[in-house]
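Following our numbering, the residues of the sequence shown are numbered contiguously, the last one being 1522.
One structure below.
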Amino acid sequence: MSRIAKHLLPDSAKTNKSGRLEIGGCDLIDIAERFGTPTFVYDEAHLRARCQEAVKVFGKHQVVYATKAFLCGAMARLAYEEGLLLDVATGGELFVALNAGVPGSACVLHGNNKSSEELKMALDAGIHHIVVDNFNELDRIDELHKAGAPRARIQLRITPGVAVHTHEFVSTGQDDSKFGFNLRNGDAQKAVARAKSSPSVEFVGIHCHIGSNVFAAENFAQAAQIMVDFANELEVSELTLGGGLGVAYIESEIAPSITQWGKSLAIATAKLRKPTKVFVEPGRAIVASAAVTLYRIGSIKHLPNIRTYVAVDGGMSDNPRPVLYDSGYEAFLPARADDDRTENARLVGKHCESGDVLINEAMLPSGYKVGDILATPVTGAYGHSMGSNYNKVTRPPVVFVRDGVARLVVRRETFSDLVNLDVADSV
Ligand SMILES: Cc1ncc(COP(=O)(O)O)c(C=O)c1O
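Structure below.
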């Protein structure tokens, strides 16, 4: 196999004179030396370029960045600075966004089981809107309003009955889903009737999100058409068509760009009869290919006629996607970025679990050895955010690189962080 494919790397990636890969003008080997391993390295210009592309296609404050894909103070500020709103799905995500200086009026609250505390927090912060998921949530909003909370500006999450080609765990638009009001069984119409007559809410629009890592334009177009028809019937002023645009994780995959995604939605939205603000909620498409994870190889085990295991100093705690979704990834050695990758090995982590596999069939250049820095690209989404400290492995830092400067935006977790929450025993 040849060198790592360009389309899997951040925009600014290039091989320098020493044959080493640079991102944002920073040599990845130097970054590994300076910040240790594992480390998430994000190309800041790439993040901004994807935000700008989305704003160009859909409009300022009509792109709602799904923070679940990757959230820290620096990312929240970056998305907001670029004219995006922020989708927060919990009180915790809302707290991080507010703490970063993003106003509540630039946040949208999601979630299929929002607590009264989370709803109140959002209303107190002056949230842009709440995407209401179910009847119990409408009850809770009523109670809060009776207790003095302001009226909630809401969109209703609709399940349009569209099944998409993606992993079952991230497919959300089909009838059999925990999310939203079902269009086919009449729940959506009942929710609309209730919202329209409720003094506790201002009903402004409808929302759908059919799933994540979707590549098929026809899936988006089909859901958009169903939602546009419903929006026309209701004469709402806002419509959200979700996120879910897929990205390429491995060489053979080619994903639509944000601009192409916009085109697949535009055919339906052109049929909106009333002036309607159309929102989208991309997460992965903004951040996934902006980052690589740097690891150090710690052990290599050859099993003749079986396989070779290459173990790195992270694993399922910094990237649970292979274990959760059987997701594919690729690997390369940043010190020899242009070398052909001819050796097959199973890339595993350091956790006490046989399932702790990062790449089943990784391809690496020959001559790789213990101590080498290894990188996995397209790890900017749902890695840091879904990470854990299983086995009390400390969470990696996050470094933003740009114009030759590497900036630490999240420090590495320390051993003392691991005991910070323990309450002293009072035996
Ligand atoms: C409601 C909603 N919007 C947007 C997203 C973002 O999806 P993606 O990161 O695939 O674009 C998600 C992901 O789960 C979601 O649940």
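We put the beta carbon where it would ideally sit given N, CA and C, even for glycine.
Bear in mind the structure is a predicted one, so any value in this text is a computation, not a measurement.
DSSP state of residue i mapped onto helix, strand, coil
| i | result |
| --- | --- |
| Met1096 | coil |
| Lys1209 | coil |
| Ile1381 | helix |
| Pro1472 | strand |
| Arg1115 | coil |
| Ile1514 | Note that residue 1514 is Val in the sequence shown, not Ile. DSSP places Val1514 in helix when its eight states are reduced to three. |
| Ile1305 | coil |
| Thr1454 | In the sequence as displayed, the identity of residue 1454 is Ile instead of Thr. Of the three classes helix, strand and coil, the one that applies to Ile1454 here is strand, per DSSP. |
| Lys1285 | helix |
| Val1465 | coil |
| Asp1125 | helix |
| Thr1364 | helix |
| Leu1103 | helix |
| Leu1459 | strand |
Limits of the unbroken alpha helix (DSSP H) element including residue i
| i | result |
| --- | --- |
| Met1322 | Ala1312 to Leu1329 |
| Ala1350 | Neither: Ala1350 is in no alpha helix (DSSP H) and is coded neither H nor E. |
| Leu1334 | First-last for Leu1334: Glu1333 to Thr1335, but that is the beta strand (DSSP E), not the alpha helix (DSSP H). |
| Leu1419 | Arg1416 to Tyr1420 |
N-terminal and C-terminal residue of the beta strand (DSSP E) that residue i is part of
| i | result |
| --- | --- |
| His1397 | Ala1386 to Leu1398 |
| Ala1440 | Glu1438 to Val1443 |
| Val1488 | Premise fails: Val1488 is in no beta strand (DSSP E) and is neither H nor E. |
| Val1373 | Lys1372 to Phe1374 |
Close Cβ partners of residue i (< 6 Å) along its chain, the five nearest in sequence each way excluded
| i | result |
| --- | --- |
| Glu1348 | none |
| Asn1111 | Glu1117 |
| Ala1195 | Gly1168, Ala1171 and Arg1172 |
| Arg1379 | Ala1164, Val1342 and Ala1476 |
| Leu1340 | Trp1356, Pro1377 and Ala1380 |
Per DSSP, the bridge partner or partners of residue i
| i | result |
| --- | --- |
| Arg1048 | A question about residue 1048 goes unanswered here, because the residues of the chain that appear run from 1096 up to 1522. |
| Arg1402 | Leu1398 |
| Glu1297 | Arg1248 |
| Leu1340 | Val1309 |
| Lys1109 | Glu1117 |
| Val1505 | Val1493 |
| Asn1280 | Asn1280 pairs with nothing; no bridge assigned. |
Cβ neighbours of residue i in the same chain (closer than 8 Å, five flanking residues each side left out)
| i | result |
| --- | --- |
| Leu1428 | Asp1434, Leu1459, Pro1460, Tyr1463, Asp1467, Ile1468, Leu1469 and Ala1470 |
| Ser1412 | Gly1444, His1446, Gly1482, Ser1483, Asn1484, Tyr1485, Asn1486, Val1488 and Arg1490 |
| Glu1213 | Thr1185, Gly1186, Leu1189, Leu1204 and Gly1206 |
Contact set for residue i: own chain, Cβ-Cβ below 7 Å, skip 5 residues either direction
| i | result |
| --- | --- |
| Val1296 | Ile1236, Arg1246, Ala1247, Ile1249 and Ala1290 |
| Asn1455 | Arg1441 |
| Asn1208 | none |
| message | Please give me, in chain order, every unbroken run of the beta strand (DSSP E) with length at least 3 that falls completely inside the region 1128-1208. | response | 1134-1138, 1159-1161, 1180-1183 and 1202-1204
Ordered list of beta strand (DSSP E) runs contained in the region 1216-1275, each at least 3 residues: 1224-1227 and 1247-1254
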